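I have placed the structure first, in the form of structure tokens, so that the comments after it can refer back to it.
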Amino acid sequence: MSIDLAAVRADTPACKNLLHFNNAGASLTPQPVYDTVIAHLDLERRIGAYEAEEAASETLEDFYDAMAEMLSCHRDEIAYIENATRAWDMAFYSLPLEAGDQILTHSSEYASNYLAYLQQARRRGLKIDVVPSDRYGQIDVAALESMINEHTRLISINHVPTQSGLVNPAEKVGEIASKHGIFYLLDACQAVGQMPVDVSRIKCDLLTGTGRKFLRGPRGTGFLYVRRSILDQLDPPFIDLRAGNWIDQDSFEFAPGAKRFENWESYVAGRVGLTHAVRYALDIGLDSIQSRVVELAERLRTRLAQIKGITVRDPGEHKCGIVTFHKQDEEAFKLAARLRASQINISVTTPASARLDSQFSVQRDIARASVHYFNSEEEVERFCEILGR
Ligand SMILES: *Cc1c(COP(=O)(O)O)cnc(C)c1O
Numbered sequence: 006m007s008i009d010l011a012a013v014r015a016d017t018p019a020c021k022n023l024l025h026f027n028n029a030g031a032s033l034t035p036q037p038v039y040d041t042v043i044a045h046l047d048l049e050r051r052i053g054a055y056e057a058e059e060a061a062s063e064t065l066e067d068f069y070d071a072m073a074e075m076l077s078c079h080r081d082e083i084a085y086i087e088n089a090t091r092a093w094d095m096a097f098y099s100l101p102l103e104a105g106d107q108i109l110t111h112s113s114e115y116a117s118n119y120l121a122y123l124q125q126a127r128r129r130g131l132k133i134d135v136v137p138s139d140r141y142g143q144i145d146v147a148a149l150e151s152m153i154n155e156h157t158r159l160i161s162i163n164h165v166p167t168q169s170g171l172v173n174p175a176e177k178v179g180e181i182a183s184k185h186g187i188f189y190l191l192d193a194c195q196a197v198g199q200m201p202v203d204v205s206r207i208k209c210d211l212l213t214g215t216g217r218k219f220l221r222g223p224r225g226t227g228f229l230y231v232r233r234s235i236l237d238q239l240d241p242p243f244i245d246l247r248a249g250n251w252i253d254q255d256s257f258e259f260a261p262g263a264k265r266f267e268n269w270e271s272y273v274a275g276r277v278g279l280t281h282a283v284r285y286a287l288d289i290g291l292d293s294i295q296s297r298v299v300e301l302a303e304r305l306r307t308r309l310a311q312i313k314g315i316t317v318r319d320p321g322e323h324k325c326g327i328v329t330f331h332k333q334d335e336e337a338f339k340l341a342a343r344l345r346a347s348q349i350n351i352s353v354t355t356p357a358s359a360r361l362d363s364q365f366s367v368q369r370d371i372a373r374a375s376v377h378y379f380n381s382e383e384e385v386e387r388f389c390e391i392l393g394r
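Printed below as a string of structure tokens:
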């Protein structure tokens, strides 16, 4: 089904004077989602924050149903966590990894995740191996399988990296992980909200995401999916009185399901907003969102490639809404600042956040323009026109 562009743009009032191609950084929150956040803050102010939380209990519970519907899992497999990095940390630091165990990842890996591998390699004596890319620049699935040995305990990659339009073959990786009985942790931070993400098809054990990016939710919100069947093998790095029950002087038990990864205090207005953001995306439909995003991004890549001095650099057999490029005579931060002065938002990726990404030549800063379904063809034209000046 096609998206009613006028309606979604009307729900995004900033569209009137802002050209927002920074949806991979933080998208613009739809007005109805924003309204629920403000209404909750207002309720806190009027009746008290604990009382407001109680009043919002239905929505707060619906978060688990909405997420489960979006990811095709069970509601008790979802944890609310304040951002994707902490969600990922809760997953990674829970895994039973010991000295000599091998982690397989990919050169597109997110900086914070790779830092955690390095820290744990130092602390616990783990071995990190980077699976090469295939001719498209995505993780080479055959090479991945050939690198598996008796020490391989974890395959941990991203679905979509932060620094390019690549979409990794998450389902094919899942087939291999499940065939060999290896934990599979998927960083889906840039995928959720711009394409269908179905954990029953991907067969990942753990998956993480954030609220503010393609889901268009509030900042400071995120989530974790944990497959029921691996729960007993995980030991959460932290516990509190939401994640566990204190029984007596000598004993405690974990909260049931993925709740054991949550913590008690949270940004409740943000949770309310995130719930509505997920429902908003589900109402539009993630298949429709993906078709529009892919089409707009492809149009942008084609138009950019026609501008003298611009090199589009997105690898991948399948690409998404993230478009990255170099401009020959204009450094990326200067370019972003110039665009900003014309009410155009993009972002810049630095080599420090993608150290292994050298095969995609991130030796210097790259400009990242990330489109969403509410962006228009006219904006793509205007963007390219101003860029080419
Ligand atoms: C943004 C991003 C993260 C981190 O998300 P936060 O919500 O900022 O913690 C993790 N992985 C990828 C691929 C990202 O793009």
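Just so you know, the sequence shown maps onto residues 6 to 394 in our numbering. Glycine included, C-beta positions come from ideal geometry on N, C-alpha and C. Computed from a prediction, not measured in an experiment: that's the story for all the values here.
Beta-carbon proximity of residue i to residue j, cut-off 8 Å
i: V165; j: L171; result: yes
i: S161; j: I108; result: yes
i: P320; j: Y141; result: yes
i: N28; j: V376; result: yes
i: V353; j: I371; result: yes
i: G227; j: E66; result: no
i: L190; j: F97; result: yes
i: D203; j: L76; result: yes
i: G262; j: E74; result: no
i: F379; j: R14; result: yes
i: G130; j: A104; result: yes
i: A61; j: V231; result: no
i: I144; j: S138; result: yes
i: C194; j: K218; result: yes
i: H25; j: L33; result: yes
i: H133; j: T157; result: It is worth fixing the name first, because residue 133 is Ile in this sequence and not His. No, Cβ-Cβ distance for I133 and T157 is not below 8 Å.
i: V42; j: G393; result: no
i: N173; j: S113; result: yes
i: L102; j: Q125; result: yes
i: I294; j: Q199; result: yes
i: D192; j: N163; result: yes
i: Y85; j: S271; result: yes
i: L236; j: T213; result: no
i: A374; j: L305; result: yes
heavy atom of ligand 1 below 7 Å from residue i C-beta
i: P166; result: yes
i: Q195; result: yes
i: N163; result: yes
i: D362; result: no
i: N88; result: yes
i: Y189; result: no
i: T34; result: no
i: G227; result: yes
i: T355; result: no
i: Y115; result: yes
i: D40; result: no
i: D192; result: yes
i: T215; result: yes
Boundaries (first-last residue) of the alpha helix (DSSP H) holding residue i
i: Y39; result: Q36 to I52
i: K339; result: A337 to A346
i: V376; result: From DSSP, V376 is part of no alpha helix (DSSP H); its letter is neither H nor E.
i: S183; result: A175 to H185
i: T307; result: L291 to A310
i: V204; result: V204 to I207
i: L149; result: V146 to S151
i: D67; result: S62 to L76
i: F26; result: First-last for F26: undefined, no H or E at that position.
i: F219; result: From DSSP, F219 is part of no alpha helix (DSSP H); its letter is neither H nor E.
i: I427; result: It is not possible to answer for residue 427, since the shown part of the chain is limited to 6 through 394.
i: D192; result: Taken as a continuous stretch (DSSP letters only), D192 belongs to no alpha helix (DSSP H), being part of the beta strand (DSSP E) at F188 to D192.
i: T90; result: A89 to F97
N-terminal and C-terminal residue of the beta strand (DSSP E) that residue i is part of
i: K132; result: K132 to V136
i: L239; result: Premise fails: L239 is in no beta strand (DSSP E) and is neither H nor E.
i: I244; result: Note, I244: premise wrong, no beta strand (DSSP E); not H, not E.
i: F266; result: Looking at the DSSP string, F266 is not in any beta strand (DSSP E), and its letter there is neither H nor E.
i: N118; result: N118 -> not in any beta strand (DSSP E); alpha helix (DSSP H) instead, spanning A116 to R129.
i: E258; result: S256 to F259
i: F330; result: I327 to K332
i: D319; result: First-last for D319: undefined, no H or E at that position.
i: V197; result: V197 -> no beta strand (DSSP E), and no H or E assigned at all.
i: V231; result: G227 to V231
Near ligand 2: residue i beta-carbon under 7 Å from a heavy atom
i: M75; result: Ligands in the displayed structure: ligand 1; ligand 2 is not one of them.
Determine, using beta-carbon pairs with one atom in the stretch 337-354 and one in the stretch 49-62, whether at least three such pairs fall under 8 Å.
Counting Cβ pairs under 8 Å, fewer than three are found: no touch.
> Counting Cβ pairs, one atom from each stretch, are 3 or more of them under 8 Å apart for the stretch 287-307 and the stretch 249-268?
Replying inline: With fewer than three CB-CB distances shorter than 8 Å, the stretch 287-307 does not count as touching the stretch 249-268.
#### Entry: the stretch 278-291 / the stretch 230-245 touching (three or more Cβ pairs under 8 Å)
With a cut-off of 8 Å, the stretch 230-245 and the stretch 278-291 do not count as touching, because too few Cβ pairs lie within range.
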